[in-house]
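Under this note's numbering, the sequence shown has 331 at position 138, and the numbering climbs by one with no breaks. For every residue, glycine included, the Cβ atom is placed at its ideal position computed from N, Cα and C.
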Amino acid sequence: MLSVKDLVVNYGAIQAIKKVSFEIHTGEIVTLIGANGAGKSTILHTISGIMRPVSGQVTYLDRQIQKVAAPRIVQAGISQVPEGRHIFPGLSVQENLQMGAFLRKDRRSIAQAYEDVYNYFPVLKQRRHQDAATLSGGEQQMLAMGRALMAAPKLMLLDEPSMGLAPIFINEIFDIIRAINAAGTTVLLIEQNANKALSIADRGYVLASGEIKLSGTGQELLANTAVQQAYLGG
């Protein structure tokens with residue numbers, strides 16, 4: 194579905210991503226793990242068109258997209274759930290969800306998308322007329338995920354979905370990620386909680402200093418001594 198090959202991305206004079214290559218197959222959950230500053234979010238921003246690479250290729254469904262504008266990437270079926278959620282305060286829950294469907298025209302399919310989101314996140318239906326800024330952190334994360342789903346993505350990019358959440362919300366968010374994937378959406382997950390990420394991932398890549406250092410199935414990386422010592426507290 195998605196192939197990243199020899200990707201190089203700079204922040205000013207700093208080379209943040211150094212010839213990174215990886216791939217995602219349709220139906221998978223793939224995770225990128227690594228310390229803060231490793232370059233994980235930069236990779237997501239480059240895939241979604243927010244940043245431009247210096248060199249390298251991003252190929253999605255057999256089409257190179259590294260120079261494609263972000264709205265067209267969303268139209269093609271890639272949606273990003275940003276780190277920090279970035280919901281729209283002053284707008285209701287329903288209005289925030291509506292923003293996720295701004296490129297869609299079919300009213301019937303949009304109506305079905307609302308129902309799908311509310312099935313995943315019943316609390317959002319209960320609070321659909323409430324100002325999104327008044328939601329708890331966990332509810333705002335659900336809203337950010339629901340907003341991305343409103344675009345009917347084939348591939349969802351999740352950037353630190355558990356950051357700052359209470360443990361009860363973390364478990365619920367990861368259960369929902371698995372449910373979204375089981376319903377047919379491919380997932381690329383960036384997550385500081387490496388144990389949780391690898392436990393649900395089909396495959397994973399370990400990123401350090403802008404380079405891929407290790408790769409394997411989620412279970413292989415969970416069992417890897419170097420990964421345990423660096424990221425799992427082992």
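| Query | Result |
| --- | --- |
| First through last residue of the beta strand (DSSP E) which encompasses Glu404 | 404-410 |
| DSSP state of Arg263 mapped onto helix, strand, coil | According to the sequence displayed, residue 263 carries Ala and not Arg. DSSP places Ala263 in helix when its eight states are reduced to three. |
| For Ala345, the nearest candidate out of Ala326, Gln305, Ile369, Gln319 (CA to CA) | Gln305 |
| Host alpha helix (DSSP H) of Leu284 (start-end) | Note, Leu284: premise wrong, no alpha helix (DSSP H); not H, not E. |
| Ranges of the alpha helix (DSSP H) found wholly within the region 202-279, counting only runs of at least 4 | 233-240, 263-269 |
| Given Ile210 as reference, the closest of Met244, Thr219, Glu221 once Cα atoms are compared | Met244 |
| Three-state secondary structure (DSSP) of Leu336 | helix |
| CA nearest to the CA of Arg340, picked from Glu353, Phe281, His322 | Phe281 |
| Alpha carbon of Ile258 to alpha carbon of Arg265, nearest angstrom | 9 Å |
| Member of Gly230, Val251, Ser234, Gly242 whose CA lies at the smallest distance from the CA of Asp199 | Val251 |
| Beta-bridge partners of Val380, as assigned by DSSP | Ile222, Met349 |
| Reference Leu381, options Gln273, Ala231, Val202, Ser248, closest by Cα | Gln273 |
| For Gln334 and Ser285, believed in contact at Cβ under 8 Å, the rounded distance | About 17 Å; that fails the 8 Å criterion. |
| Where the beta strand (DSSP E) through Leu400 begins and ends | 396-401 |
| Beta-carbon gap between Lys233 and Leu400 smaller than 7 Å | yes |
| Gly411 beta carbon less than 7 Å from that of Ala387 | no |
| Inter-residue Cα distance where the pair is Ala372 and Gln319 | 20 Å |
| Same chain only: Cβ atoms within 8 Å of Leu317, ignoring 5 sequence neighbours per side | Val286, Leu290, Val310, Tyr311, Glu332, Met335, Leu336, Gly339 |
| Test item: CB-CB of Met194 and Thr219 under 7 Å | yes |
| Close-in-space but distant-in-sequence residues of the same chain around Ser196 (CB under 6 Å, 5 per side omitted) | Glu216, Thr252 |
| Span of the alpha helix (DSSP H) around Gln421 | 418-424 |
| Exposure of Glu384, with buried meaning 16 or more beta-carbon neighbours within 10 Å | buried |
| Supposed close pair Ile226, Leu328 - CB separation, criterion 8 Å | About 28 Å; that fails the 8 Å criterion. |
| Distance between Ala294 and Met343 (C-alpha atoms, nearest Å) | 5 Å |
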